[in-house]
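Read left to right, the sequence shown gives residues 47 to 211 (this note's numbering). Every residue gets a Cβ at the ideal spot worked out from N, C-alpha and C, and that includes glycine.
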Amino acid sequence: MSTLVIIRGNSGSGKTSLAEALQHHYGRKTLVVSQDNVRRTMLKEKVEPRNLSIGLTETIARFGHAEDLLVIVEGFYEADIYGEMLAQLHQLFAPRVYAYYYDIPFEETVKRHATRSKRADFTPEDMKWWWIDKDYLGWEEEVLLSAELSLEATVQLICQAIEHS
C-alpha cells in the first residue's frame, strides 16, 4: 500500500538527512521528492505562490502513489504556498500519511547547517531571512520533531509509525 511521509522544517533543520536515512532503511520502492531538487535544480523556480515546482512535486508524488511506493516529500514547503498541494496529497494517500515538522530553534539550524556539504550555498543571514517560526500544517498527523531527538531516533520513530499501522 502506498505511503506518504512529509518532512518539513526550516533550512538546515535536517530534512534531507532524514529523508536519505529513511530511503537507505527502506531501499527499493522508496521515492524521495526533494523540494530543493525539484524547485532549485530541475526548475530554477523561486518560492512564490503558483510556482511550477508545486505541480511537479504533486505529479511526482502521484506517480509514487500509482506505483505503490513509499513516497517521502521533504523540504521547507511553506504552509501558505505549498499547503494546498500537501493537503491534496494527504487526501490521496490517506490513511497512510505521516507528517513531521522540525520545530527547532534558529540557532540549532545554524549549527546543523555548518556541518553540511552545502554550507557554502547560503549563510546564516540568508537562513534568518527565510525563517518561518512554527509553520505548522495543523493536521492531526503532524508530529513535531525537537532538537533533542537524534537522527537515528527520528528514523526509528518514523519506521515504527509506518510499520505499526
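DSSP three-state call for residue i: helix, strand or coil?
i: residue 62; result: helix
i: residue 76; result: strand
i: residue 180; result: coil
i: residue 160; result: coil
i: residue 210; result: coil
i: residue 114; result: coil
i: residue 109; result: helix
i: residue 95; result: coil
What are the partner residues of residue i, as DSSP defines its beta bridges?
i: residue 53; result: 120 and 146
i: residue 190; result: 147
Going by alpha carbons, who is nearest to residue i out of the options?
i: residue 167; options: 49, 51, 53 and 57; result: 57
i: residue 187; options: 84, 207, 80 and 177; result: 207
i: residue 182; options: 73, 122 and 156; result: 122
i: residue 201; options: 139, 81, 72 and 155; result: 72
i: residue 124; options: 111, 65 and 148; result: 148
i: residue 84; options: 100, 70, 76 and 77; result: 100
i: residue 68; options: 120, 134, 173 and 154; result: 120
i: residue 86; options: 140, 160, 198 and 103; result: 103
Is the shortest distance between the beta-carbon of residue i and the beta-carbons of chain C less than 9 Å?
i: residue 127; result: As a matter of chain content, chain C is missing from the structure shown, which is built from one protein chain.
Anyone know if the C-beta pair for residue i and residue j falls short of 9 Å?
i: residue 177; j: residue 152; result: yes
i: residue 132; j: residue 145; result: yes
i: residue 143; j: residue 203; result: no
i: residue 117; j: residue 79; result: yes
i: residue 158; j: residue 59; result: yes
i: residue 77; j: residue 110; result: yes
i: residue 48; j: residue 114; result: yes
Legend entry - Contact between the segment 47-56 and the segment 87-105 (3+ Cβ pairs under 8 Å): no
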